[in-house]
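Q:
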Amino acid sequence: MSAKKKKVVVGLSGGVDSSIAAFVLKEQGYDVIGLFMKNWHDTTGVLKADCPWLDDKFDAEAVARKLEIPFHMVDLSDQYRKRVVDYMFSEYEKGRTPNPDVLCNREIKFDVFFDEALKLGADFVATGHYCRKRTITVDDKEVYCLLAGSDPNKDQSYFLCQLSQKQLQKALFPIGDLQKPDVRRIAGELKLVTAHKRDSQGICFVGKVDLPVFLQQKLDTKKGDVILIPPDSELFIRDVNSDSNKASEEILQALSEPYRFNPNYGEKIGQHNGAHFFTIGQRKGLNIGGYSEPLFVIGTDVEFNQVFVGMGQNHPGLFRKGLKISGNEIHWVRPDLELSDDERRTYKVRIRYRQPLQDATLFLKKDGLYITFNEPQRGITAGQFAAWYSDDELIGSGVIDK
RNA sequence: UGUUCCGUGGUGUAAUGGUAGCACAGAUGGUUUUGGUCCAUCUAGUCAGGGUUCAAAUCCUUGCGGAACAA
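The numbering of the first sequence is the working numbering, which starts it at 498 and goes up by one.
1. Looking at the structure shown, is SER753 part of a helix, part of a strand, or coil, going by DSSP?
2. Using CA coordinates, which residue listed in ALA751, ILE766, PRO709 and ASP696 is at the minimum distance from PRO727?
3. Assuming GLU890 contacts LEU644 (C-beta within less than 8 Å), just tell me the rounded distance between them.
4. Mind checking which residues open and close the beta strand (DSSP E) that includes ARG842?
5. Starting from GLY531 and walking both ways along the beta strand (DSSP E), at which residues does that stretch end?
6. For GLY618, name the three-state secondary structure that DSSP assigns.
7. Would you call ILE734 buried or exposed, if buried means 16 or more other Cβ atoms sit within 10 Å of its Cβ?
8. Grouping DSSP H, G and I as helix and E and B as strand, with all else coil, what is HIS828?
9. By the 10 Å Cβ neighbour count, where 16 or more other Cβ atoms means buried, how is GLN714 classified, buried or exposed?
10. Between LEU859 and TYR867, is the Cβ-Cβ spacing less than 9 Å?
11. Going by the beta-carbon positions, is the gap between GLY592 and CYS628 smaller than 9 Å?
12. Tell me which residue opens and which closes the beta strand (DSSP E) that ILE868 is part of.
13. Report the rounded CA-to-CA distance for THR691 versus ALA684, giving the unit in angstroms.
14. State the Cα-Cα distance for the pair MET498 and ASP528, rounded to the nearest angstrom.
15. Should the region 796-816 be regarded as contacting the region 835-851, the criterion being three or more beta carbon pairs within less than 8 Å?
16. Looking only at its own chain, which residues have a Cβ that is under 7 Å from the Cβ of ALA518, when we skip the five neighbours before and after it?
17. Does the region 643-658 touch the region 594-610, meaning 3 or more C-beta pairs lie closer than 8 Å?
18. Which residue from PRO760, VAL723, ASP729 and GLU754 puts its Cα closest to that of HIS773?
19. CYS701 to TYR589, Cα distance in whole Å?
20. Distance, Cα to Cα, ALA884 vs GLY511?
21. Give the secondary structure of ILE566 by DSSP, where H, G and I count as helix, E and B as strand, and everything else as coil.
22. What would DSSP say about LEU573, mapped onto helix, strand or coil?
23. Using CA coordinates, which residue listed in ARG631, GLN874, GLY865 and LEU854 is at the minimum distance from LYS818?
24. Measure how close the beta-carbons of PRO760 and GLN803 come, nearest whole angstrom, since I'm counting them as under 8 Å.
25. Using a Cβ-Cβ cutoff of less than 8 Å, which residues in the same chain neighbour LYS630 once the five nearest sequence positions on both sides are dropped?
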């Protein structure tokens with residue numbers, strides 16, 4: 498007899514990707530268990546009202562039946578609310594723009610869900626993410642690498658940028674080598690109910706929400722001024738030598754400093770319903786027309802409830818060359834590659850999902866990690882995650898502090 | 001009070017006698033497992049009344065509203 502089959506619990510979401518993840522695992526000879534997690538059932542602010550988790554559960558169950566694997570469900574909505582949604586509200590309240598899905602992976606799918614899976618006796622836990630894992634040996638120790646999915650169009654490694662070695666150790670990403678169209682095709686051939694289901698969008702588990710409405714559950718609306726900042730404002734003059742090779746702490750700090758707006762630098766042109774409903778780079782929702790080019794949010798101030806905007810795609814307020822991550826927020830997916838004090842290293846960095854990787858240099862300083870980009874970046878926003886890559890491997894990440 | 005100028009979609013503007021266009025805003029849809037971006041489509045207007053003309057945003061006139069100038 499061969500050794501006992503390894504047991505894998507796969508998170509079945511009721512979508513096509515996790516369906517095929519389960520299928521691939523089965524093909525590979527694992528003992529597969531499907532586990533559906535219910536995370537959200539509140540429909541406040543959700544567009545397309547029908548509360549979809551039940552449909553998803555039915556679909557997940559149907560897939561499990563078709564693949565002839567056991568099916569279980571866990572309700573993690575309590576934890577999801579506490580560890581993802583509350584975090585979201587609190588970040589917005591501070592005027593930052595969180596990425597709940599990165600948190601969802603770190604806190605839910607690869608934490609509480611993980612534990613539930615292990616309770617079912619799992620050796621591994623699998624998800625339908627488009628990314629890959631590789632195991633290498635460094636100093637006689639196994640090290641797990643998180644790689645981009647093979648389908649460059651669907652690579653979801655960014656959302657897993659906060660995973661730890663411990664989490665990666667038991668993780669499997671069965672569809673990381675597949676292209677999305679192949680996933681659809683296989684699902685079609687297997688006649689799975691999820692074969693032609695639309696890809697999920699919006700905050701994972703919550704769905705596509707009207708964000709202001711969603712946030713209004715906890716955050717008050719409050720009228721404030723919208724202020725237009727001219728592109729030639731002195732605020733945008735950074736008399737730092739953009740040759741950041743010298744990389745003194747001063748230069749790094751200057752490059753990573755958000756523009757400090759105040760109404761004296763511009764002109765009041767309208768009103769908004771709360772600065773915390775806006776994020777840098779945002780165009781829609783200002784409700785101010787009459788300009789030759791669109792207006793974009795270039796800064797918000799929740800303390801004084803002010804929104805600062807600039808006209809046009811190339812407004813200098815939209816761009817910055819550097820950002821900073823607080824020392825305690827630096828996360829290395831590969832701890833063996835951690836920078837030492839005052840060390841610098843070049844990486845490819847993205848600051849949002851699906852952004853093409855940008856050439857950048859990381860500097861570890863006493864007060865945190867500075868990242869400077871070769872090209873100015875649009876919409877560097879506190880609360881979002883910066884993730885650095887070496888080729889297609891995600892090395893580390895952190896919440897942008899400023 | 002007098003003279004002059006102006007009044008076009010929600011906003012900013014184009015069309016000076018010949019099918020009222022553009023931009024921004026807004027709505028809807030698409031792309032996207034964050035926010036946002038982006039793409040497509042759509043909505044919506046000649047201040048009001050009278051007149052000239054085959055034809056008026058455009059010319060004339062009255063009213064209303066705004067701006068400028070005025071010993």
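Every residue gets a Cβ at the ideal spot worked out from N, C-alpha and C, and that includes glycine. As the structure is a prediction and not an experimental result, all values here were calculated from the model.
A: In this structure, then:
1. coil
2. ILE766
3. 5 Å
4. 841-847
5. 528-535
6. coil
7. exposed
8. strand
9. exposed
10. yes
11. no
12. 865-875
13. 7 Å
14. Because MET498 sits at a pLDDT of 45, beneath the cut-off of 50, its placement in the model cannot be relied upon, and the following sentence gives the value as read from the coordinates. The alpha-carbon atoms of MET498 and ASP528 are separated by roughly 16 Å.
15. no
16. VAL507, ALA623, THR624, GLY625, PRO671 and ILE672
17. yes
18. VAL723
19. 18 Å
20. 28 Å
21. coil
22. coil
23. GLN874
24. 7 Å
25. TYR641, CYS642, LEU643, LEU644, LEU665, ALA668, LEU669, PHE670 and GLY673
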